[in-house]
Structures are given as C-alpha cells and as structure tokens.
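The structure appears right after this line, and notes come after that.
Number of protein chains: 2
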Amino acid sequence: MTGRPTITQLAAELGIAPSTVSRAFTRPNLLKPETVALVQKAAEAAGYVPNHHARALSTGRAGAIGLIVPDIANPFFPPLVRAAQNYASDLGLSVFLADTDEDPNREDRLISRMAPQVEGLIVVSSRLASSRIRQIADSQRVAFINRDVPETYRVLLDTTAAIRSALTHLAELGHRRIAYVGGPPQSWANKQRHSAVDNFTKAHALEVMHFSADPGTYEAAKALGDSVAASGVTAVIAFDDVIAHGLMGGFAAAGVEVPKDVSVIGCDDTLATTTFPALSTIAVNVGAAARRAVAALSENPGSTSLTGARVIFEGTLVLRGTTGPVRSASSPLTLEPELDYPTTGSVQVRRGSDS
Amino acid sequence: MTGRPTITQLAAELGIAPSTVSRAFTRPNLLKPETVALVQKAAEAAGYVPNHHARALSTGRAGAIGLIVPDIANPFFPPLVRAAQNYASDLGLSVFLADTDEDPNREDRLISRMAPQVEGLIVVSSRLASSRIRQIADSQRVAFINRDVPETYRVLLDTTAAIRSALTHLAELGHRRIAYVGGPPQSWANKQRHSAVDNFTKAHALEVMHFSADPGTYEAAKALGDSVAASGVTAVIAFDDVIAHGLMGGFAAAGVEVPKDVSVIGCDDTLATTTFPALSTIAVNVGAAARRAVAALSENPGSTSLTGARVIFEGTLVLRGTTGPVRSASSPLTLEPELDYPTTGSVQVRRGSDS
DNA sequence: GTGAAAGCGCTAACAT
DNA sequence: ATGTTAGCGCTTTCAC
Chain A
677 MTGRPTITQL AAELGIAPST VSRAFTRPNL LKPETVALVQ KAAEAAGYVP NHHARALSTG
737 RAGAIGLIVP DIANPFFPPL VRAAQNYASD LGLSVFLADT DEDPNREDRL ISRMAPQVEG
797 LIVVSSRLAS SRIRQIADSQ RVAFINRDVP ETYRVLLDTT AAIRSALTHL AELGHRRIAY
857 VGGPPQSWAN KQRHSAVDNF TKAHALEVMH FSADPGTYEA AKALGDSVAA SGVTAVIAFD
917 DVIAHGLMGG FAAAGVEVPK DVSVIGCDDT LATTTFPALS TIAVNVGAAA RRAVAALSEN
977 PGSTSLTGAR VIFEGTLVLR GTTGPVRSAS SPLTLEPELD YPTTGSVQVR RGSDS
Chain B
677 MTGRPTITQL AAELGIAPST VSRAFTRPNL LKPETVALVQ KAAEAAGYVP NHHARALSTG
737 RAGAIGLIVP DIANPFFPPL VRAAQNYASD LGLSVFLADT DEDPNREDRL ISRMAPQVEG
797 LIVVSSRLAS SRIRQIADSQ RVAFINRDVP ETYRVLLDTT AAIRSALTHL AELGHRRIAY
857 VGGPPQSWAN KQRHSAVDNF TKAHALEVMH FSADPGTYEA AKALGDSVAA SGVTAVIAFD
917 DVIAHGLMGG FAAAGVEVPK DVSVIGCDDT LATTTFPALS TIAVNVGAAA RRAVAALSEN
977 PGSTSLTGAR VIFEGTLVLR GTTGPVRSAS SPLTLEPELD YPTTGSVQVR RGSDS
C-alpha cells in the first residue's frame, strides 16, 4: 500500500528522529547499541531499503562506478568485468557497464554522460586520442586500463617481458623467421606487442614479418592463414588468442600442421586448453588490473580527478602444445646470456597471483 | 572552481527561474523556442550536465535498469548483455550489471539491493526457487529470461522445436542411439532441452542416454568424452556449445572422430565456426530476448510489478560440419510424416531476425 | 509562457 | 547519545 518505507516513516513509527535512524545505518558506533538493534529490527520488519539516489544527492557520493569497454563480446573483457564487479560489490559499489562498440565517439559520449553520476570511471582499451584522454583525465575521476597516457591513472598489462621469453623460447627451438599477427591498430596493447616483437627480433637478428587481422576476429585471422604460411615463417606470435586460434584454423585448412610446420603463441590466455593442440600463450592478470582500477577509484573519494600513476602487471608465458622445434634442420640458436633481457624466470605454467 | 553547474546556477546566470531551465530540458514544448535556445546555449557553454540522482529522487524514475546474470564469463551472456545495454542506451537508460557467480543467495541479495534503485530488473537464468521468484515478481519490476514461472514476465529462448528438428535430422542420418549431455541442473534451459530430447526420442522409438557435465565447462565435458563414446551412442546433443566442444575434445583424445564415428549438435551458437569441424548447433536469438526484456521494463513505468507474460523466441537448427550418417550400416529411418512435429522449416543456416 | 514554493529521502552540521 | 534544521539538485503543482 504505502510502498517502500522511508527513514522518516521508520523514525515516526519508532518515535525517534530520522537522523537517528540514518545513523543506525551509516554510523552505528555513534549510537547506543540498543538503539541500533531497535532500528535494525524495525527496518527489517518493514522491509526498509535505503534509497541510493537520496543518499547520493545528500552526500555527493554516487555509490557506483562506471565501466566502459570496447566490446563485451570479446573474450578478453568478461573476466575483467567480472573481477571489477565483484570487487566493487565488496566495497559497496554498484557498476554501470557500457559498451562502446569500438567507436571512439560513442566512447567519448558515454564518458561524458556517465562521469557525473558515478564515483569514477574505468575505461578499458580506450580508442580515444591521447590528447582527449589527458583532457578527460584532468576533470574526471577515471582509471584507464591498457592505455598508456602520461599523467593519467593507468594500469597496464605489460607483455613485453613475456614476449621476450616467448621469442627466446622460439629461438631456442631453432626458429629464425617469425611473424607477428596484430590486432586492432588503435589498441595500445597491439602497439606494445608489436614493438616488443620488433625490438627483440632486431636485437637478435631474427627475421620478423608483420601481418594484421582486421577486424581481430577468428574469421579474419583464419583468412590470413594462407598468407602467413606462404610467407615462410616457422613461428607466429599473435596479438591475442582469438587471432591465434583463427590462424590455427587457417593453417589446418591449408594442411599446415601446428606445431610441426609452424609454432604459434597467443596472448591473453582467454582460451585455456580448448584448442587443439592446446594453445601456448601469454597469460595476463586481468582480474588484478580490474581490482587495482576499482581500488583507485574508491580512494580519495573527494578529489575531482585521480593523480597520475602507472601501475603494471606483467604477463607470463605459458607453454602448452603449439610450440615445437623448427621443421627445417637449422641448428637451434642459444642466445647470448649477456644480452639485456631475462631469458628465464617468467616461463611458468600458471599465471601468478594478484597484485 | 565551482565544479559542475546546477540548474539553479544556470537560472541565476540567465536571470530566470530554475523551473524554466528545468523545463527547457524536460518539456521544451511548454516554453518559447527562444527561451529553450537561450538555455541550451548557456548550458552548453557552462558544461551543464543534469544530475541523475536529483532527478531520480524528484521523479521517482531511476533512469537505469539492473541486469543480473549467473556468470558473465560464460559465452552465452556477453551478447545478451551487449544487446540489453545497447537497447537500454537507446531508451536513455543506463544499466547496472551484476554477476551472481551461480549462487542463489547472492542472486537473491543482489535483487533486493538493486531493485529499489532501478526502473526494473532483468534476471537471466535465475537459480532461485520458483516460489521465491513468484514472490519477487509480485513486488518488483522484473523480467526473467530463460526461467519459466507462471504469472511472471518472462522471455524464453525455446529450443524444443529445434531439438525436434535436430533429432529428426539425426534419425534421417540413421542414428538410433543418442545421448543428451546436460548442463547446470538448476537451469530451466537444461530441463527444457532434456525433456525435449526425452519426449521426441520416446515418441519415435529412439534410444536415449543421459549424461551431465558438472560443472558445465569445457574441461568437465571433455572428461566425459570417454564414457559417452563408450556408451555406444552414435550421436549426441549437448546442452550448449561449450559442452559440445568439450565433448569433441574428449572424443579427439580418445580417437573417436566427429562426425564419422559420432555426430554432435550443440546449443546456443556461441562458438560460430571456430571449432573443427565447425559445430552444428541450435542458434538462439539472445539479442531479441534482451531487447524484449528491456522494452518490458520501460513500459508502464508507474506500476510496482510487471504483468505476467510469456514471450517466446524459437531457436533454429543450424547445420555445419559435426553431423553425418551413422557409422554402422543400419538403414536410415524416415520418420512418419503424420507425427505431430515439424520435420522441416526450421533448419536454416543463419538465425532469424528480431521481432 | 514563466515564476514561486514545496518536496522527493537522505545526511550533516549544530544543538542539547 | 539523540533531536532539529537545513539543504543536496531537480521536478512539479499552482499561481500569475
């Protein structure tokens, strides 16, 4: 009949002041334990649920954060969303989810619309121009994931070292001609992985060929299989597991065997052991990144923007079944140990723990 | 300096009343066009953004809906989330996302917590008891997807007919012993698919064996491969594509070839053509379901609960590469045409359009 | 067509 | 330890 009860109604029922009822929920330690108990009992009985909007209006705290991703259907994002949501929930925050559909304009609009209504925003794999990002970061509380713009708060899933491990591994197996098959060109992760491959191969006199799956789908990558195989490379590192998987599909269709004819290494570990052979990949701790971003937003709740920071989580190489010795009989190369990269230590079977 | 401007500040600046500014946004037709233009210009210049919380408090409309799923990392859900979010966005609604982690208690808590703050809730694949669901539906605006409780508002992805098509197809290929490999036991979809298989096989003197992948993961299904193969069935229908895929992995490991030795049909079409051979499956229009649910919530914004309804979207069989003639030489069965099920018409290569 | 005033439900000084 | 009061930013009667 009367709908959901309000604090005022509860107070009236109990013959006490609304502020007392309010305090019973927000600052119970200011109250006599008996009073708190009394209020809680009555609230329970009446089915009282606090009104977030009223609270937000009064306190200026929204009790929610926004999470903006380019494409929730891409398997990289669901685990991230899940971790963010879980952790936010632990902190008493709700999460607004929005999908930009890879469209920078949509992303920009979404940010402007959401920002004022939330405690802060997490923007993953932003497709916006750096100048715009800096601008936004200046006036909004936003944490970026996988976008590296100076002075902003950003958490990065760094695969550079793991890619070096991967290439070392391939070189040790005798591979000399290697392909990098890129993904979304505007993506920071793609640029980072591209350069990591470039730098290492250059430094170690390995030959590298670049391809790009556009869009970064299974089908597009599969269609690329022929050209990659024809290019004469004996190993490939793909931007992500979806592309790696597509490539494997293309190779299979062309009669090219993995890992006998060509080795492949993916990235992000989104497919686990569901491919055949099981895909070797670079695992990346999306959960930790998501939690760090949420934590950043929940700290310093007053400020109008986050202070710049660059927090890094390193990926790790996980070897499964898609790498093997090079087919042709060139002798395995042992890389000089004095070169400036770690040759071991980051090769593990499972990804590391958090934080 | 002063942070984001408010309606009152804008009004003061322009020397007009706050109510006029408010109307310029919400009921422009009540105002002189020049006034509207004036206000809009000033708002733009000042970077005014309406405060959702204040609006919500004043109007009682939240401008947001909640979306509750059991596990966002399961590939069935992301496309649904995406469609819901897109459509909600079109209607000017934001969406809160929450993940229950398959835990009924968590689901229940989430519903109670979110419901008062939103226009309405979409609960997908609820794991709650029917009695509890009815109770909730009574006092909250909630649309259920893939949970069929009478008198509630529910949209169902019905695969019964498509499963009949699938079995017909298998029977025509000569299959007589068929397995159904189930998924989450509490899931409505699982129960529906289970009975669909049971009813049809019973009516047509096909032999059926039941298995269940618990949990419904690739790994669990893969581990089941041996037993399923050993059971002597020549075809299997899986609860979903993930399980079908796991089974294929198990079969491959056991040297059982698909479709030569055993045919397999999945459900939900979450894998497209990424398996080898490409998985035949039952495609289901999750986008349409999501949009219908969002639409339902946006209708009759006043009421305290949705009026019961049962809206159905039929799945369709899509044949790719995992079904073939039975290995042993039993003659193909042609089913009697007078039996009460459609033998053709729902076999298509792509899923149908919306509605 | 526009203004004045009250109020949505809650919290936060400031009393007491 | 609790009550009083004012006000968050917006919408909405009700006047004019």
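Chain order of the listed sequences is A and B.
Take 677 as the starting number for the first sequence in the working numbering and just add one per residue.
Take 677 as the starting number for the second sequence in the working numbering and just add one per residue.
We put the beta carbon where it would ideally sit given N, CA and C, even for glycine.
Separation of residue j from residue i, as counted between CA atoms
i	j	result
residue 696(B)	residue 707(B)	8 Å
residue 804(A)	residue 893(B)	36 Å
residue 976(B)	residue 797(B)	14 Å
residue 790(B)	residue 781(A)	30 Å
residue 847(B)	residue 767(B)	46 Å
residue 958(B)	residue 757(A)	27 Å
residue 965(B)	residue 694(A)	43 Å
residue 1006(A)	residue 852(A)	Unreliable placement is indicated for residue 1006(A), whose pLDDT of 48 sits below 50; no coordinate value is reported for it.
residue 891(B)	residue 972(B)	32 Å
residue 899(B)	residue 754(A)	25 Å
residue 720(B)	residue 681(B)	11 Å
residue 844(B)	residue 850(B)	10 Å
residue 871(B)	residue 915(B)	12 Å
residue 712(A)	residue 825(B)	39 Å
residue 806(B)	residue 784(B)	12 Å
residue 810(B)	residue 986(B)	14 Å
residue 827(A)	residue 795(A)	20 Å
residue 988(B)	residue 832(B)	5 Å
residue 683(A)	residue 903(B)	60 Å
residue 737(B)	residue 692(B)	26 Å
residue 854(A)	residue 763(B)	44 Å
residue 936(A)	residue 951(A)	16 Å
residue 961(B)	residue 834(B)	10 Å
residue 886(B)	residue 818(B)	34 Å
residue 1008(B)	residue 839(B)	In this predicted model, residue 1008(B) has a pLDDT of only 49, less than 50, meaning its place in the structure is not dependable; the value taken from the coordinates is given anyway. Straight-line Cα distance between these residues: approximately 19 Å.
residue 953(A)	residue 969(A)	35 Å
residue 869(A)	residue 941(B)	38 Å
residue 866(A)	residue 705(B)	49 Å
residue 944(B)	residue 752(B)	7 Å
Opposing strand residues paired with residue i [DSSP bridges]
i	result
residue 742(A)	772(A) and 797(A)
residue 714(A)	DSSP, once it has assigned bridges, lists no residue as partnering residue 714(A).
residue 940(A)	912(A)
residue 1068(A)	Outside the shown range of chain A, which is 677 to 1031, sits residue 1068(A), and nothing can be said about it.
N- and C-terminal bounds of the alpha helix (DSSP H) containing residue i
i	result
residue 952(A)	Looking at the DSSP string, residue 952(A) is not in any alpha helix (DSSP H), and its letter there is neither H nor E.
residue 919(A)	917–929
residue 730(B)	728–735
Limits of the unbroken beta strand (DSSP E) element including residue i
i	result
residue 830(B)	829–834
residue 881(A)	From DSSP, residue 881(A) is part of no beta strand (DSSP E); its letter is neither H nor E.
Local conformation of residue i per DSSP, three classes
i	result
residue 695(A)	helix
residue 900(A)	helix
residue 748(B)	coil
residue 789(B)	helix
residue 1056(B)	Outside the modelled stretch of chain B, which goes from 677 to 1031, sits residue 1056(B), for which no answer is possible.
residue 818(A)	strand
residue 856(B)	strand
residue 683(A)	helix
residue 757(B)	helix
residue 985(B)	strand
residue 867(A)	helix
residue 998(B)	coil
residue 970(B)	helix
residue 706(A)	helix
residue 945(A)	coil
residue 724(B)	coil
residue 767(A)	coil
Supposed close pair residue i, residue j - CB separation, criterion 8 Å
i	j	result
residue 981(B)	residue 814(B)	6 Å
residue 739(B)	residue 732(B)	6 Å
residue 857(B)	residue 907(B)	About 11 Å; that fails the 8 Å criterion.
residue 830(A)	residue 801(A)	About 11 Å; that fails the 8 Å criterion.
residue 949(A)	residue 996(A)	7 Å
residue 745(A)	residue 775(A)	6 Å
residue 920(B)	residue 955(B)	6 Å
residue 812(A)	residue 787(A)	6 Å
residue 772(A)	residue 770(B)	5 Å
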